[in-house]
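First residue of the sequence shown? That's -8 in our numbering, and the numbers climb one at a time after it. We put the CB at the ideal spot given by N, CA and C, even for glycine. Accompanying notes for the structure given below.
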Amino acid sequence: LTSSPIRSALHIIHIAAEMAPVAKVGGLGDVVTGLSKALQKKGHLVEIVLPKYDCMQYDHIKDLRALNVAVESYFDGRLFKNKIWAGIVEGLPVYFIEPHHPSKFFWRGNFYGENDDFKRFSFFSRAALELLLQAGKKPDIIHCHDWQTAFVAPLYWDLYAPKGLNTARICFTCHNFEYQGSAPASELASCGLDVHQLNRPDRMQDNSSHDWVNAVKGGVVFSNIVTTVSPTYAQEVRTAEGGRGLHPTINSHSKKFIGILNGIDIDAWNPSTDTLIKVQYTANDLQGKAENKEALRRHLGLSSTENRQPLVGCITRLVPQKGVHLIRHAIFRTLELGGQFVLLGSSPVPHIQREFEGIAHQFQSHDNIRLILKYDDALSHAIYAASDMLIIPSIFEPCGLTQMIAMRYGSVPIARKTGGLNDSVFDVDDDAIPVQFRNGFTFLTADEQGLNSALERAFSRYRNNREFWEELVHKDMNIDFSWDSSAAQYEELYEKAVARARAMRQV
Ligand code: ADP
């Protein structure tokens, strides 16, 4: 008889600033929900702690109720009461913290972008740990995310483990090293951390400014497990170019650092059940995809004269990271090549938004180009379903979800080889990649020539080799981008960390 190792369920608590669909700004929100659902399905107890923002999508929270406890947490030399709410989001138990602080930290109509974000989230990180302590929770893993909750790691070891919240190992995931949460060192004192102890080069001191502290650095230094969202990005951030100043810190903690590719929510993104698209379809019946293309063209007022005119989609935040100059170039090059281009995107950067408004205006009644400059979830589904290709020319991309969603909808990605794109898009002409994994078109150099070469190869294959293209679409739609395998990797990291902690306690 062979016996398989007995796995015991873990108690995992995520402390995060986002969770889809109730409080989502970007990929972080998708990861918290997707990973939690997958871990719950594996039998673990997963709970989430979020701020109670006024601007959440409250209709996605079931059984929301205020608990009959007031958790007091320390800030700026005083104790403040926090009202605690509980509810269910996507089948997951969530606690929401509503601070009774005169600054109304989460009552601003915004998730981020406030002048006092460092205060807002260091307050939240401490209040979340206080909640766990006072509720008598005994988690195996506390998982914090990005700079907003990176404070949890030093707070746990310096203040909360000594108070008795001491069963957990800390996991920190950085979803984008561009955002590090730096502030003058004195600001760290507000949440009760010891500035004198922590503002040191081997602890939280910012690597480029000695009287500043850096929250992400604290997350890296004080966590037991540190992850980022793709293996290639994990390598890139260890270099001077990719690490945004944190590469020496990451390198000196490299033993506990790993990149795990995100998955996508394959229930929310499923062309065979998606009610936001005109016609549902599967990999074995691509007629439905053709009908979605026709429907989108009609909806946007694009020409429908040529069925086989390639339609290129682009769905993105318009920020420098996404290669906005290459997106602009792709619009004009697609036009020269005789294709159609649909851009869905919006920009928090005023000059970029203005520039794209100019292009949108230039093409407003054009037969082949349409720019829709807003955030529109329903339209994004329609574009994934309608387009033949999706273009993603990112300068850097920690993981990226749009290439995976595109493939699930049979839209072939044209992507720059960086970060998570490099781990999920493999060129059809790359002999170094086994044929069964080749699924798109890639380019390395972030310039117009690089992009042209990939775009032109895609157009040529689409036009001259229909059978090849249909096989490629079929293959892409069948790739497994679910959370299952990524969640298994997190599970293994958690289990190893917990086992190490138990072994140490027994010594
Ligand atoms: P990031 O998190 O850097 O914005 P990702 O590729 O990880 O990029 O995730 C982007 C997500 O946001 C995808 O689900 C994509 O469909 C969606 N998205 C981006 N821009 C828009 C938009 N203008 N309208 C609707 N959805 C969008």
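Shorter than 8 Å, the distance from the beta carbon of residue i to the closest heavy atom of ligand 1, or not?
i	result
R493	no
H473	It is Ser, not His, that sits at residue 473 in the sequence shown. Checking the Cβ of S473 against ligand 1 gives no.
I382	no
N167	yes
Y224	no
Y272	no
S402	no
L156	no
K313	yes
I306	yes
D367	yes
G250	no
D265	no
C162	no
G82	no
D21	yes
G18	yes
T218	no
G330	no
I396	yes
T393	yes
Relative to the alpha-carbon of residue i, which residue among the options has its alpha-carbon at the smallest distance?
i	options	result
A144	Y44, I6, W203	I6
R345	E282, R319, A369	R319
I75	Y453, N275, S473, L122	L122
M10	Q497, K32, G78	G78
I268	A174, L287, G250	L287
A376	R457, G279, I470	G279
A29	S356, T158, D256, P339	D256
L58	V40, Y65, Y86, T433	Y86
T140	P339, V40, S371	V40
N275	T230, L19, V426, G401	G401
C305	I322, V16, H51	I322
G68	H92, D414, I88	H92
Q125	L463, P84, A61, H51	A61
I88	E81, G82, F96	F96
F66	L83, P90, K53	P90
L19	N167, K43, F112, L70	N167
L442	T325, Q480, H352, N430	T325
F248	Y485, T296, A423, R496	Y485
A8	N106, E462, F114	F114
L83	S200, F71, K53, N101	K53
Y224	N157, S415, D149	S415
S337	E327, S(-1), V315, D358	V315
A0	V23, Q31, P12	Q31
D107	C162, A174, W148	A174
G254	R191, V270, Q394	Q394
E178	Y453, D193, N198, R111	R111
L293	F332, T273, L463, D193	F332
Going by other Cβ atoms of all chains shown within 10 Å of its Cβ, with 16 needed for buried, is residue i buried or exposed?
i	result
E227	buried
C46	exposed
S385	buried
V489	buried
Y49	exposed
Y366	exposed
K208	buried
N14	Per the sequence shown, residue 14 should be read as Ala rather than Asn. So A14 counts as buried.
R407	buried
A494	exposed
G391	buried
I396	buried
T(-7)	Low confidence applies here, because T(-7) scores a pLDDT of 46, under 50, leaving its location unreliable; read the following figure in that light. Per the 10 Å Cβ criterion, exposed.
N455	exposed
A231	exposed
E38	buried
P42	buried
E81	buried
Q440	exposed
V340	exposed
T307	buried
R56	exposed
Assuming residue i and residue j are in contact, meaning their beta carbons sit under 8 Å apart, how far apart are those beta carbons, in whole angstroms?
i	j	result
I374	L335	6 Å
A210	C165	According to the sequence provided, residue 210 is Gly. The question's Ala does not apply to it. 7 Å between Cβ atoms; contact.
P499	R399	Here the chain covers residues -8 to 498 and nothing more, so residue 499 does not appear.
G411	L252	6 Å
A542	R160	The displayed coordinates of the chain run from -8 to 498. Any statement about residue 542 would go beyond what the structure contains.
V220	G250	7 Å
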